[in-house]
Amino acid sequence: MAENEDVIAAITGIEPGSAFAEVVAGRADIMALTQQTHDGALTPENPGGLSHAERAALAWRIAKVNDHKAFEDHFEAMLEKAGAPDNAARLADIWFDGGSDLRTKALIRHVDLVAHAPKEATRRDIELLQEAGIADADIVRLSELVAFVSYQIRVAAGLQLMQELA
Amino acid sequence: MSNIVHDFTTDIPVWKTYVGPLDLAEASAEQLEALKITPSNTKVSDYVLVLAHDVETLKHRSPLFNAVMYNRGGLSRAEREIGAVGASIVNRCIYCAAVHASRYNQLTKDEDVIAAIFSDGVDAQINPRLKAILTFAVKLSKCPPDANAADMAALVEAGLGKDEILDLILSTSLFGWANRLMHTLGEPITE
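Protein chains in written order, with this note's numbering: chain D, 1260 to 1425; chain Z, 81 to 271.
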């Protein structure tokens, strides 16, 4: 688990004591729950079939799909912290489609689809994961990872636009 | 006979999962705690039973969801629903759109706004404040997010305070999350 860190605060550079910090402090409960979910999605105590390194690499990939540099750097650092094994690190390579490994290919395909164009998703996309041998519980873990990171990036992007107002 | 719902509606469909829900007989203590299951409350939706496979996010997600949509102060509950609807339109989550559009209608006792949004999207003829809210929500929901300084300025121009803008960012982003679960892990049907 990350130690009392707030990723969104770090990325948006909220200055303590500023008027903007005061506005965000009005929703301190939500910001804290956001950080707790981040830790639950990236570094869960029970990672199931998705290792911490794979989660960090896929999150880095999602940040790339969302074109958010600060989150790319954040998840890259998490991947390094997780030991950055080569097979996991490749998941973050936007030009890598998984090659001949069925599981890797299915993970990458699904992450790109759900991050970029969730409206296109159908029953068939879940079947492809199942056919690649990914258990239903891991499909849910993967989905939460993509969905949560997509949320967190949008919160930060919105806050960054707000900061430009002040 | 059941049919998949493909068009936006305020009639709430049934959500049918593509993956196996958690079997309560095999649930861990942590999962039961996150599901808030007690002897007097054993009714849990399939959707929540699916999410219970990932209890380490679910246990924070449920209180976070309630805080974003129902916390006191800030943006009105109805306008938070427009953030949710804007995201759900971009991501074409028919189920989420139906639930939150109908909640907007209940809260405001007005069905015209949602009817206009379902018919014309961001070109809907609605009052300037709602239009600024909807436009911002739709653009923030794109991938990559597409909201810009002018969209933010339009919110201020339309009279939103910073606390309200923060709540709009949160409710819109929350549905970028919810849509990516609801629309990808199952489908809306009528029975």
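Cβ atoms here follow ideal geometry from the backbone N, Cα and C, with glycine treated the same way.
| field | Touching by the beta-carbon criterion (3+ pairs, under 8 Å), the stretch 1294-1301 of chain D and the stretch 99-116 of chain Z | value | no
| said: Judging by CA-CA distance, which residue of Z:A229, Z:A233 and Z:A195 is the nearest neighbour of R209 (chain Z)? | reply: Z:A233
| chain Z contact residues for A1396 (chain D), given Cβ-Cβ distances below 7 Å | Here the neighbours are H133.
| V1405 (chain D) by DSSP, collapsed to three states: which one? | helix
| task | Output the distance between the C-alpha atoms of W257 (chain Z) and H180 (chain Z), rounded to the nearest integer angstrom. | result | 14 Å
| field | Span of the alpha helix (DSSP H), counted from its first residue to its last, around Q139 (chain Z) | value | As written in the sequence, residue 139 (chain Z) is Lys, which differs from the Gln given in the question. Run containing K139 (chain Z): V135 to Y150, per the alpha helix (DSSP H) assignment.
| E110 (chain Z) vs V135 (chain Z) beta-carbon contact at 8 Å | Annotated as proximal: E110 (chain Z) and V135 (chain Z), with beta-carbon spacing under 8 Å.
| message | Under 7 Å: does the beta carbon of L248 (chain Z) sit that close to some heavy atom of the ligand NAP? | response | With respect to the ligand NAP, the structure offers nothing, as it holds no ligand at all.
| said: Going by the DSSP bridge assignment, what does I84 (chain Z) pair with across the sheet? | reply: Under DSSP, I84 (chain Z) takes part in a beta bridge, and its partners are Z:I269.
| field | Of the residues D:G1276, D:S1310, D:I1412 and D:I1393, the one placed nearest L1361 (chain D), counting alpha carbons only | value | D:I1393
| field | Cβ distance (whole Å) where H1369 (chain D) is taken to contact V1324 (chain D) below 8 Å | value | Not confirmed; about 12 Å, so no contact.
| Buried versus exposed call for R183 (chain Z) [16 or more other C-beta atoms within 10 Å across all chains shown] | Under this definition R183 (chain Z) is a buried residue.
| query | Which word fits P1344 (chain D), buried or exposed, when buried means at least 16 other C-beta atoms lie within 10 angstroms of its C-beta? | reply | exposed
| said: List, in chain order, every chain D residue whose beta-carbon is nearer than 7 Å to that of I22 (chain Z). | reply: As shown, chain Z starts at 81 and ends at 271. That puts residue 22 (chain Z) outside it, with no answer to give.
| query | Mind checking K242 (chain Z): buried by the 16 CB within 10 Å criterion, or exposed? | reply | Buried.
| said: Check whether the stretch 208-222 of chain Z and the stretch 150-167 of chain Z touch, using three or more Cβ-Cβ pairs below 8 Å as the test. | reply: yes
| request: Compare the C-beta of V165 (chain Z) with all C-beta atoms of chain D and state if any pair is closer than 8 Å. | output: no
| Residue-level contact to chain D via CB, I245 (chain Z), 8 Å cutoff | yes
| If you run the structure through DSSP and keep just helix, strand and coil, what is W257 (chain Z)? | Helix.
| Mind checking if H180 (chain Z) is an interface residue toward chain D, Cβ cutoff 8 Å exclusive? | Judged by the 8 Å Cβ criterion, H180 (chain Z) is not in contact with chain D.
| Run of the alpha helix (DSSP H) containing W95 (chain Z), from where it starts to where it stops | First-last for W95 (chain Z): V94 to T97, but that is the beta strand (DSSP E), not the alpha helix (DSSP H).
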